[in-house]
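Residue numbers (the numbering used here), protein chains in the order written: chain Y, 1 to 291; chain F, 292 to 582; chain C, 583 to 1169; chain V, 1170 to 1756.
Working notes, structure below.
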Amino acid sequence: MNATVVLRPKDYKSATKPVWCPGCGDFGVLNALTKALAGLALAPERVAVVSGIGCSSRLPAYTSVYGFHGVHGRALPVATGLAVARPDLTVIATGGDGDGFSIGGNHFLHACRRNARLTYLVMDNAVYGMTKGQASPTSAADWAGSKLTPDGPGIAPFRPLEIALSAGAGFIARGFSGDPNGLARLLAEAIEYPGFAFLQVLSPCITYRPEQLEYKALVSAGFEPLADRNAAFRRLLTDDGFTTGLLYRAPVSAGGSAPAPADLTDETATLAELAGEFTAARLRGAADHES
Amino acid sequence: MNATVVLRPKDYKSATKPVWCPGCGDFGVLNALTKALAGLALAPERVAVVSGIGCSSRLPAYTSVYGFHGVHGRALPVATGLAVARPDLTVIATGGDGDGFSIGGNHFLHACRRNARLTYLVMDNAVYGMTKGQASPTSAADWAGSKLTPDGPGIAPFRPLEIALSAGAGFIARGFSGDPNGLARLLAEAIEYPGFAFLQVLSPCITYRPEQLEYKALVSAGFEPLADRNAAFRRLLTDDGFTTGLLYRAPVSAGGSAPAPADLTDETATLAELAGEFTAARLRGAADHES
Amino acid sequence: MTPSFSLAVTGSGGAGVMTAGQLLLDAAALAGRYGLMARSFGPQIRGGEAAALLRLADRPVESPDDRYDLLVALDWGNIERFADELPLAADALVVADPGHGAVPAVIAAQTGRLIEVPLTALAREIPGGRPNMVALGLTACLAGLPAAAVETRVRRALARHGTDSVTAAIACLDAGRQAAAAHRRARLPVSGDESTADPTTALDRWVLNGNEATGFGALAAGVRFCAAYPITPATEILEWLAGRLPSVGGRLVQAEDELASINMCIGAAYGGVPALTATSGPGLSLMIESLGLAVAAEIPLVVANVMRGGPSTGIPTKSEQTDLNIAVYGLHGEAPHVVVAPTGIADCAPTAAWAVTLAEALQTPVILLSDQALGQTRTIADPPATALPAARRTAFVPGPTDPPTAYRRYAHTPDGVSPMSCPGMPGGQYTADGLTHTTSGVPSTRAEDHVGQLDKRRRKLEHHDYGARWGEVHGDGALAIITWGSATHPAREACDRAAADGLSVRLIALRLLSPLPVAQLEAALAGVRACMIVEHSHTGQFYRHLRAWAELPRPTLAWHRPGPLPLRPGEILEALHHLQAQQEVAA
Amino acid sequence: MTPSFSLAVTGSGGAGVMTAGQLLLDAAALAGRYGLMARSFGPQIRGGEAAALLRLADRPVESPDDRYDLLVALDWGNIERFADELPLAADALVVADPGHGAVPAVIAAQTGRLIEVPLTALAREIPGGRPNMVALGLTACLAGLPAAAVETRVRRALARHGTDSVTAAIACLDAGRQAAAAHRRARLPVSGDESTADPTTALDRWVLNGNEATGFGALAAGVRFCAAYPITPATEILEWLAGRLPSVGGRLVQAEDELASINMCIGAAYGGVPALTATSGPGLSLMIESLGLAVAAEIPLVVANVMRGGPSTGIPTKSEQTDLNIAVYGLHGEAPHVVVAPTGIADCAPTAAWAVTLAEALQTPVILLSDQALGQTRTIADPPATALPAARRTAFVPGPTDPPTAYRRYAHTPDGVSPMSCPGMPGGQYTADGLTHTTSGVPSTRAEDHVGQLDKRRRKLEHHDYGARWGEVHGDGALAIITWGSATHPAREACDRAAADGLSVRLIALRLLSPLPVAQLEAALAGVRACMIVEHSHTGQFYRHLRAWAELPRPTLAWHRPGPLPLRPGEILEALHHLQAQQEVAA
Ligand SMILES: Cc1ncc(C[n+]2csc(CCOP(=O)(O)OP(=O)(O)O)c2C)c(N)n1
Ligand SMILES: Cc1ncc(C[n+]2csc(CCOP(=O)(O)OP(=O)(O)O)c2C)c(N)n1
Ligand code: SF4
Ligand code: SF4
Ligand SMILES: [Mg+2]
Ligand SMILES: [Mg+2]
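Quick look at the structure:
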C-alpha cells in the first residue's frame, strides 16, 4: 500500500461475507473497527487482529489486515506473543464473552497484569452464540434460556470491568455495538494507549438473546475517564452494566510495565561468545584472566 | 472412628514425613489445619483435602483425612466436583500461589462465582518453590531472584483478595502460617461458611525467599470482618498485603448460590420413563392422550 | 442389499426444511418403517441454506445410500454448497418450484427426471399455508408413506400452535400429495402405502440420535454426575443429561472450560459418584493431562468424545474418525486406559452403558469414541433387546480397625483391581496421587513401586474379561473387512451387496479399540486370506493401530478417506472388488 | 569396550556432594579426560540426601556403566534410597568415614573392599576445611586425575570466596590425596596421572548438560522468542535462554501456564520470529490442542519436551522415554507434524538446531524429544564438528499489487510448502485459521478444500529431504539394534562389547521419529536377520510405532523397561546374547 493513499473504512474490510445472523451486533463492531483503523490511518499490513473461537471470533477474516483465528480462549496469549516479538505492529485481540471470560479467563487476568501493548475487545452478548445459546459467564443467574442450565446458571455473573481493574489493567472501557461511531472513538483511544487496553462491547445476539434488542434503550454514555484506580473502583460500585465510555485510563505503565521490545537483528558474534561459556577453558579461568 | 472419641490435632496427621524444607511455612499451615479440624470435631473420614502440584500441594498426604493430590492448577475443579456430588462432606482445596493464581487462575475466578460449599486455602510464598524458585503471580515486579526473570518479572503482582472480591467470593480472609492458632480460628470459620470461602495464607519459603522470615514483623491482624461488599472494596484500597484476619463475610448466598445437593438414591422407575420419551408412540401423542 | 428410498429436502434458511424432514422421519416411524435423517447446513450461523437427508426402508438401516432417489428443493439458495453431499441416482427425481427459477446446472447435469411443482403458489392458496408442508405431503407420497401417518404426526406436532395451524398444515399436506400423485414413481423399493409392520412393535421403536442414546446409556448404567462445557457436535449429550439427571438424583455442572469439566468429573468419581463428560477433539485435547491423572490415581470416569473433522477447529459440523490416535495414544507416560466405540447409532446406548461399567470395574478412564454421523443423525431403531449393563465398583470393605491405617488403596491384586474406598468410609482414608506411589498411595521414586504400579495398571486392563461386546463378526468369507464406529454400517451394507454379487465377505467391527482385543481379533480372522481396513480418516489411523498390535492377513488393504463427506457402501464395495481382483491375479 | 572408571559420591543434604562431584568432572575436563555426571536426590525439596554419579574415560562417553568402581560416602544418610541406583562392581572400593557409623548392609553386602577414611576428622584439622573437599582430593587421586587439574579447578571455583577459602580447600585436597595414596587401586582403567591429551584441544571441549546444549542449539539456529512455564526437568533450557536471548535481540516471556506459553510462541512465529518453548509431559499435554492449531494454520515452532517418568506427575526427577506416543500420536484429527530426538547429550545442540530449521522450512510444529537423562546429565564432549544449521523460512514475495488480494497463504505447491507472509509485509495479509480453509485461508466445509489441505500438509512432510540427520548407523552385523534418544549410548556400548565378544551387531539410532523415515530405516536394515528394539519404556511405545509403519525383520525382539533406573549397557548386551542364542537354535 502506498502511504499517501487515504484509506476509508471499507478498505479495511475483506471480500469474505460474514457468517453472522442478519442483525447480529458484531456487524456494528466490525464497522467501528474499520472506522477506527481508517481514522488512525494505520497501514493494513501493520495491523493484526487475533481471535479465539465463537461467532464474534470470526471477525478477523472480515478485515483486510493480518488476521489470526486461533483456538477457543487463547486469543490473548497469541496476541501477547505477537506484540512482544513484533512491537512495531498494532495488535488487537478480540472474541466473545465465552472465549474471553470463561475458557480464556486466566489469560485475561494475566494479560491485564502483564500490560503488553495491545487492545483487547470483547463482544459481550452474555451467551455462547456459536454453540447455540448456552449461558456464558456474563449471563444473569436466572437466565433460563439454555437446555444446559434449564433453571438458569444460578451463579453470580462475571464483572469484566471490575476484574480488569483488580487484575491491573490500565485502560478500561465499555462500548456498545449499536453506536459504531462512539465505539470507533473508544477503540481508537484504546489502540493508541501504550499498554494493555480492555474494551467490553455490548453486542447483542439477536438469535439466542433476542431481548438484547432492548440494549439500545438501556445503554447510556455515563463514564467520565478517571486516572485514579481507587476512584475507578468507587465508580464501579454503582455500575449498572450498561454505562458506556472510558472508565479508567492509568498514567502510562502505572499498572505494570510492558516487556521491552525485542531487537531482532542477529548478533552472531555474540553467538560465538555464548558457545565459549561451555568450554573447558572457562573452568580454569583462562578466558577471564589470560589472553 | 467412634463418634465419642475426642480427636486431637495430631490424630489428623498421617505418618508420612513431609518433604518440606526444615522451617518451611507450610508446617504451620498443616498444624493450623489439624487444629481447626480437631476444634470442629469433624470425623476424619468425612473430610477431604484436595490439592494441585507444588511444595504446598503436598499437604493432603500429611493428614489422616481423605486426600487428593491432583495435577498442577486443578485443585478447585476437583474439589468442586466432589463438593457438588457429595454435599455431605467437608471439602478443602489447597495449594500454592503458582498453582492457584498462575496456572489455576481461571478456576479461582469461577469458583468464586460458583460459590460451591468448600474452603480454598492458598499457601502464598510469592514463588514457585517446587521448581526451584521462579517468580509467581504474587512476586514483586522487581524481585530478581530467578534465572528465568533475571531483572524481575516486571509486572504488577496479582492481588488475590481483590480478585476474589471482584469475582464474587462470599468469604475472604488472610492468615499467616507463623500464627497457627489464629490461622486455625480463621480456617474453622471458613470451613463452617456455607459457600465458597477463600483464605490467603502468607507462608514463607525459607529456601528461595529467605527474606520472608521477616513476615513475622510485617503482619498485623488488622481486618475487621465486613458484611458489605463495597465496604470490603474500600478497605482493600488501603491494604498493604500483610494485614490478616477476616476481611469479608457475605450474608449467606449473597455472592451466588451453591448448586443444590444431589440426591444419590437411584430411581429406576424414572429411568424407564426416560426411555419412554424415545418411543415412536410419543410421536403420535399416544403417551399423553391415550391409555 | 437393503431396499430403501433416499431423499433430500433442501432450501434456504427459514424455509422449514428441517421441520419437514423431521416430520417425515417421524411419520415413517409411525408407519412402521425404519430410516434415518442427517442434517446439513451452510456456513451461516443461522438462517443459511439447509438440507435434510433421509433414507427410509422396511428393515433397520443406519448407513446412507450411495445416491439419492429424490430431491425436493423448496428453493435453490446456495444449492451448490450441497452438491457434493447430494449425489443423485441416474434416474433420480428432482422436484422444483418453478417460482424459484431454473434448475441450477450442478443439479440439472445429474438427472433428466425433473418435475415442477409450484410449492409456494400452492401454499399461498391455503390461509396460513407453508410451502414446506406442501413439500412434506408431496415427499411422503412419493416415498410411499401412508397419508394417515403423516397427518397423525403433523397434528400432534402442531397441536400447541392451535387448530388453525393444524388445519392449514393438513390442507398443505393434501395439496402436496395431490401434486405428487401425478408423478408417483413406478418402482418404489419400499413397501406400499399400507405398512405391513405390526403397529404395536412399531410404536415401541426408538426414534433418537446417537447423542441422546449416549446420554441415556450412561444414565442407565449409573452415571449421576456430569460436568459440561458445550462443543459441537457433543453438546446434545450434555443437554440431554442436564434435563434428566436431576430426576434420578444426579447433578450437572456447567464448567468454565474442559480443564475444569474433566477435573470436576474426577472429583465426583473420587467421591464415589459415577461421572461422565462429553466433548469433541479440541476439548479432548484439553483433557489429556487430567486423563493421565485419572489413570495414575485410578479414578473411573467416562469421556464421550464425539468426533468431527480435524485437525484443530477443523469442520465442527461434519464427521470423521480421526481422534482415534489421540484417544488411544494421546496420554503422556505409560497410561493404559480403555477406548470403546459404538458400531452404530442405536448401539450408542448399550456401548455408553458398557463404557460406564468398564470405567467403574477397572477404575480407569474410558473414552467413548462416537462421531458426528452417529451423534447427530436421527434414526428409527429397535430398542435394545437386553437390559443395559449397570456399573459396579470393587469397593473397599473396612477391615479390623486396629491398626486403622492399614488400608492400601493401590494394593497389588491378582487382577490388578484394588478395592476402592471413598470419602465417608471410616478407615478408608488415603491420598489419591498422580505421582508414582506405593501401594498405600505415598509418593515414591523407587523402581519397585514404579514398576509395580505400572504392571498393576496394565494387568487390570489386560486380564479383564471383556465378553462378547469386544466386537461384532458377521459372515465367514475368506475376504474380510475390519472396521469400527460409524464406518460399520456402510461397510456392512457393502458386504451385503457383495454377497448379492456372490462374493462372501466377513465383517469384523470392533467396539473395544484399546486395549486392542488381539486374541479375539485374530480368532475372528481365522481362515481369512485377504483383508481390508475401512475407516473415515486421511492417513489410516485405525490401520496403523491394528498393525502395531496384531498380525494382519497378507495382503491387507488400508482403505480410508477423510470427511466431510460420509462413507457410502458403494465406494467400499468397489474397493472390495478391487481387492478381490488383485487376489485372483495373485492366485 | 570403553575403559572407564565409575564412581559415586554420596551424603546427606548440606554435605557438599554435588559440589565435589561437579569439581571432579570439571577437573577431568581440564585433564583432557571425557566423562559424565548425573545427579540423584532424595524426596526432600531441599537438604535431603544426594548422590553424584560419575564416569570418567579417555574417550567420549555418554552411557553410564553397569556398576560403580568406587563409592565415597561422606555419611550414610538414607543410603538405602540410592541402593538401586548404585550397583557396585564385585571388586568395588567403598570409602567410608568411620565417624558416621558402620557401613549399612545394602552396601556392605555388595563388596568386600572397604577402607575407612576419617573425612570429617581430617577436615576438622584444617581451619575452614570441609569434608567434601577432602573427599574430592581422595576421589580424584583414586580416579587417577592429576592433582594439578583438580587444584586449578578448585582455585578458580573458590576465587570469589577469598584466599582463605582457597587455602583451606587446597589443604583438604592434599589431605584427601594422601589418605588415598595408601589405597590407590592397582588396576586403573583410565590413563595415568599425566594426561596424554592435547591440552589445547582439551580446553576447547564443551562441559555442559543436554538442557544447556538444547538452548544453545535453538538459539544458534535462529530462535529469538521463548515463552516459558517452569517444569522439571526442562526448566534449565528456559533459564539458559532467559539469560542469553536478550543479548542476541530476542525476548523471553514467563507465561501463566502452558496453554499461554504455546500460544505466545504461535503468536511470535506467526509474526515471523522463530520461537521455542520447553516443557515436560504434563506441560506437553496442555499444549496438545494448540499444537494442532499450529499444524492446521501452518505455524512453525519448536517444543522441546524433556521426558520424565510418567504417567501423570509420575517421577519428575527421573528419566523415561514414554512421551513418544503423545508426541507422535497425541493430536486430534489428522495433524502431521515432526518429532525428532537427539541421540545423546552432545547431540542435543545440533538436533535442537535441526528441529528449528525443520519447523521453519516446513511451517509446522516440531517436537524435540529429550529426556531427563540427556537434559540433566553433564558431560565432557567434543564441540560440534560442523556449524549448526540455521533456519530459513520460505517467505512470501509480494507479486504485482493489482489485484492486491491475490495472496494465497495456503496455496498448493509441489512440495506442499507455501510461501508465508507475516505482518508488516504489504500485500501479504491473510487470516491464519485452524478451521478447514481454502488456499486463501477462508473457512470452508467443502470436501475439495479439506482433502486438498490435508494432502498438502502431509505432502510437505513426506517430500522433504531430511538428509543424513534422520539417524545414525554403526556397523553392519546381521543382528541389529534399533533405538533412539538416551537409549542410544547404552545400546552402542552394548554393541561395542558384543563386538569384543566376537558378535557383530549393527546399531541404528533414529533422530527422525515422525514422519518415520521408513525407506532409510529399511535400507539400513538390509541384510539384517534378527533385530532388537531398545527403549526406556514399559510397554514398548517405540516398538509399536516401528511396527505400525515399517516392515521389521523377523524375529524382532522388543526389549524395554521403564524408569526410574537408567538403561545400562550390560542388560542390553545380555538381551543381545539371548537373541543370538535363539537365532542359533532356529538356524
Ligand atoms: C476447546 C473448545 N471447547 C469448546 C468449543 C466450542 N465452542 C465454540 S465457540 C464457543 C463459545 C462461544 O461463545 P462466545 O465466545 O461468547 O462467542 P459468541 O459465539 O457468543 O460470539 C464454544 C464453547 C471449542 N471450539 N473449543
Ligand atoms: C502442567 C504443569 N506445569 C508445570 C509443572 C511444574 N510445577 C510443579 S509445582 C510448580 C509451581 C509450584 O508453585 P506453587 O504453586 O506456588 O507451590 P510452592 O511450591 O511454592 O508451594 C510448577 C510450575 C507441573 N507439575 N505441571
Ligand atoms: S448466533 Fe448470535 S452472536 Fe452468533 S451470529 Fe447469530 S446473532 Fe450473532
Ligand atoms: S522450597 Fe520453599 S516452599 Fe518448598 S518446602 Fe522448601 S521452604 Fe517450603
Ligand atoms: Mg458470546
Ligand atoms: Mg508458591
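We treat Cβ as the ideally placed atom computed from N, Cα and C, and that holds for glycine.
Note that the structure is predicted; figures quoted are calculated from it, not measured.
{"Check": "Proximity test, Cβ basis, 8 angstroms: F/Thr570 and chain C", "Outcome": "yes"}
{"Check": "Near ligand 7: F/Met421 beta-carbon under 7 angstroms from a heavy atom", "Outcome": "Ligand 7 is not part of the structure shown, which contains ligand 1, ligand 2, ligand 3, ligand 4, ligand 5 and ligand 6 as its ligands."}
{"Check": "Range of the contiguous beta strand (DSSP E) that encloses V/Asp1244", "Outcome": "No beta strand (DSSP E) contains V/Asp1244, which DSSP labels as neither H nor E."}
{"Check": "In DSSP terms, what C/Asn887 is bridged to", "Outcome": "C/Thr861, C/Leu951"}
{"Check": "Classification of Y/Thr131 by the beta-carbon crowding that lies within 10 angstroms, buried from 16 upward", "Outcome": "buried"}
{"Check": "Residue environment, V/Thr1555, which counts as buried when at least 16 other CB atoms sit within 10 Å", "Outcome": "exposed"}
{"Check": "Strand pairing of F/Asn492, partner residues [DSSP]", "Outcome": "Here residue 492 of chain F turns out to be Val, not Asn, going by the sequence shown. Bridge partners of F/Val492: F/Met414, F/Gly466."}
{"Check": "Opening and closing residue of the beta strand (DSSP E) in which V/His1203 lies", "Outcome": "Before going further, note that residue 1203 of chain V is Tyr rather than His in the sequence given. Counting along the chain, the beta strand (DSSP E) containing V/Tyr1203 begins and ends at 1203-1210."}
{"Check": "Per DSSP, cross-strand counterpart(s) of C/Val922", "Outcome": "C/Leu950, C/Leu1094"}
{"Check": "Among V/Ala1382, V/Leu1736, V/Leu1460, the one whose alpha carbon lies nearest that of V/Pro1659", "Outcome": "V/Leu1736"}
{"Check": "Y/Arg284: contacting residues in chain V (beta-carbon distance under 7 angstroms)", "Outcome": "Leu1199, Thr1321, Arg1322, Arg1325"}
{"Check": "Segment contact, 8 angstroms Cβ cut-off, at least three pairs: the segment 852-865 of chain C with the segment 796-815 of chain C", "Outcome": "yes"}
{"Check": "Contact test: Y/Tyr208 Cβ vs ligand 3 heavy atom, cutoff 7 angstroms", "Outcome": "yes"}
{"Check": "Residue-chain proximity (Y/Gly256, chain V), Cβ-Cβ < 8 angstroms", "Outcome": "In this prediction, Y/Gly256 scores a pLDDT of 43, lower than 50, which makes its location untrustworthy; the coordinate-derived value is nonetheless stated afterwards. No, Y/Gly256 lies away from the interface with chain V (no Cβ there is under 8 angstroms from its Cβ)."}
{"Check": "Counted within 10 angstroms of its Cβ, other Cβ atoms place C/Ala705 as buried (16 or more) or exposed", "Outcome": "buried"}
{"Check": "C/Gly915, enclosing beta strand (DSSP E) - first and last residue", "Outcome": "Element bounds for C/Gly915: n/a, residue is neither H nor E."}
{"Check": "Own chain partners of Y/Val19 with C-beta closer than 8 angstroms, once the 5 adjacent residues on each side are dropped", "Outcome": "Cys55, Arg58"}
{"Check": "Closer than 7 angstroms: V/Asn1380 CB and nearest ligand 4 heavy atom", "Outcome": "no"}
{"Check": "Chain-order list of residues whose beta-carbon lies under 6 angstroms from that of Y/Ser139 (same chain, five-residue window excluded)", "Outcome": "Ala126, Pro153"}
{"Check": "Rounded C-alpha distance that separates V/Gly1596 from V/Val1566", "Outcome": "9 angstroms"}
{"Check": "Within chain V, partners of F/Gln503 - CB distance below 9 angstroms", "Outcome": "Within 9 angstroms Cβ-Cβ: nothing; F/Gln503 doesn't reach chain V, min ~15 angstroms."}
{"Check": "8 angstroms CB neighbourhood of V/Leu1342 in its chain, flanking five on each side removed", "Outcome": "Met1302, Val1303, Leu1305, Gly1306, Ala1309, Ala1316, Val1319, Glu1320, Val1323"}
{"Check": "V/Gly1361 in three-state terms, based on DSSP", "Outcome": "Low confidence applies here, because V/Gly1361 scores a pLDDT of 47, under 50, leaving its location unreliable and the question unanswered by this model."}
{"Check": "is_contact[C/Arg769, chain F] using C-beta, thresh 8 angstroms", "Outcome": "With a pLDDT of 44 at C/Arg769, under the threshold of 50, the modelled position of this residue cannot be trusted, and the question is left open."}
{"Check": "F/Leu380: contacting residues in chain C (beta-carbon distance under 9 angstroms)", "Outcome": "Gly853, Pro1005, Gly1006"}
{"Check": "Short CB-CB distance (under 8 angstroms) between C/Thr933 and chain D", "Outcome": "The question asks about chain D, but that chain is absent: this structure's protein chains are Y, F, C and V."}
{"Check": "Secondary structure of C/Ser1026, DSSP reduced to three states", "Outcome": "coil"}
{"Check": "Test item: CB-CB of V/Leu1205 and V/Arg1661 under 8 angstroms", "Outcome": "no"}
{"Check": "C/Ile627 beta carbon near ligand 3 (any heavy atom closer than 7 angstroms)", "Outcome": "yes"}
{"Check": "Short CB-CB distance (under 8 angstroms) between Y/Met123 and chain C", "Outcome": "no"}
{"Check": "Contact under 8 angstroms by Cβ, C/Leu652 with C/Leu724", "Outcome": "yes"}
{"Check": "Same chain only: Cβ atoms within 8 angstroms of V/Gly1696, ignoring 5 sequence neighbours per side", "Outcome": "Asp1645, Ala1647"}
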